[in-house]
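*Asks:*
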Amino acid sequence: LGYSPERINPGDREHTVERITKVVAGENKETADALARVYGAITSGGVFLARDIRTAEAAKVIENAQRDINIAFVNEVAMIFGRAGLSIHDVLDASATKWNFLRFTPGLVGGHCIGVDPYYLAEFAQRLGHHPEVILAGRRINDAMGDHLAACIAAAWGGIAGRALVLGLTFKENVPDLRNSKVVDLVAGLAKRGLAVDIHDAHADKAEAKRDYGIDLMGDLDAARGYDVVVAAVAHSAYVRLDDAALARLVTPGGLVADVKGIWRARALPASLRRWQL
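For the sequence shown, our numbering gives the first residue as 1, with consecutive numbering after it.
1. Give the straight-line distance between the Cα atoms of I160 and L190, rounded to the nearest whole angstrom.
2. Tell me which residues share the same chain as D117 and place their Cβ nearer than 7 Å to its Cβ, disregarding the 5 neighbours each side in the sequence.
3. Roughly how many whole angstroms lie between the Cα atoms of A268 and A94?
4. Identify the continuous alpha helix (DSSP H) that holds P279 and give its terminal residues.
5. Count the other C-beta atoms from every protein chain shown that fall within 10 angstroms of the C-beta of Q126, then say buried if there are 16 or more, exposed otherwise.
6. Return the chain-ordered ranges of every beta strand (DSSP E) run that is complete within the segment 120-202 and spans a minimum of 3 residues.
7. Output needed for A154: all residues of its chain with C-beta closer than 8 Å, excluding positions within five of it in sequence on either side, in chain order.
8. Once DSSP output is grouped into helix, strand and coil, what is the label at A204?
9. For K290, count neighbouring C-beta atoms within 10 Å of its own C-beta (all shown protein chains included) and say buried if the count is 16 or more, exposed if not.
10. Classify D228 as helix, strand or coil using the three-state DSSP reduction.
11. Could you tell me which residues DSSP puts in a beta bridge with R274?
12. Are there 16 or more other CB atoms within 10 angstroms of the CB of E18, so buried, or fewer, so exposed?
13. Just verifying my parser: in three-state terms, what is the DSSP assignment at V77?
14. Give a yes or no on contact between the segment 70-82 and the segment 100-115, applying the rule of three or more CB pairs nearer than 8 Å.
15. Among D198, I42, D212, which has the Cα closest to the Cα of A233?
16. Is it true that the segment 171-184 meets the segment 127-136, where meeting means three or more beta-carbon pairs spaced less than 8 Å apart?
17. Return the chain-ordered list of same chain residues with a C-beta closer than 6 Å to the C-beta of A50, the five sequence neighbours on each side being excluded.
18. Indicate whether at least one CB of chain B lies closer than 8 Å to the CB of V61.
19. What are the start and end residues of the beta strand (DSSP E) that includes L221?
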């Protein structure tokens with residue numbers, strides 16, 4: 001029996017299986033060496049021979065748990081600085097000038113790995129008699145982020161009813177993958193605060209969105225008009241490229257542009273629009 005953990009990052013054309021380092025392990029040396037030869041013929045990134053299969057499995061789960069915790073930290077400081085009227089993106093720009101600062105982007109944590117693997121690690125820890133504090137705290141913060149964003153956006157709009165358009169449903173940008181999307185939590189949070197929500201996604205499959213979440217995705221974005229609130233929830237390139245004319249068409253004068261991902265933070269929006277961002 002041989003084992004090599006998956007290291008595929010959806011939408012990432014740089015870190016492909018032909019370029020990354022592959023961790024391999026086997027139930028015995030012969031199997032591990034054979035697996036190393038197979039992957040060595042595939043990838044230019046080299047092969048790392050783990051001590052055993054359990055070690056390789058542990059390496060996989062902490063890779064994702066570490067990322068989840070780092071994002072949870074920056075999500076929590078975004079919550080703190082938001083109360084002080086500071087943009088987390090501006091703060092990160094300054095902090096990132098320090099040579100050993102690790103920059104992570106705040107936002108929704110979904111997908112089939114990062115938001116799931118920490119629970120495997122936590123369950124394993126509990127079976128061993130250890131209660132994991134940091135791992136589960138990170139999960140609580142990240143799982144609450146969708147409703148937190150909805151509360152912030154609704155408050156910025158004024159806490160009144162209105163029409164909202166959410167741009168993006170997939171768990172990350174420029175992929176069609178809807179697994180464990182936390183945009184669903186954001187949408188639910190907006191709806192419970194009195195906003196009638198439509199959703200558009202430039203990549204997601206409509207049938208899959210309906211089957212998995214009961215969501216009817218919009219068709220052509222060009223036909224959308226006159227929303228009180230537009231939320232950039234996923235940084236699809238199609239949304240990054242929206243020009244002033246498109247935004248002015250989507251949002252009513254005096255309406256709110258909620259830039260969750262910071263995709264428009266470097267540009268001036270039409271004067272008729274209000275802006276909210278993390």
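Where is the CB? At the ideal position from N, CA and C, for every residue including glycine.
*Replies:* Looking at the atomic coordinates:
1. 11 Å
2. V61, N64, A65
3. 21 Å
4. Outside the shown range of the chain (1 to 278) lies residue 279, about which nothing can therefore be said.
5. exposed
6. 162-167, 195-200
7. G189, L190, R193, G194, L195
8. coil
9. Residue 290 lies beyond the residue range present for the chain, which begins at 1 and ends at 278; the question has no answer from this structure.
10. strand
11. L256
12. exposed
13. helix
14. yes
15. D198
16. no
17. V23, A25, A56
18. Chain labels in this structure do not include chain B; a single protein chain is all it has.
19. Looking at the DSSP string, L221 is not in any beta strand (DSSP E), and its letter there is neither H nor E.
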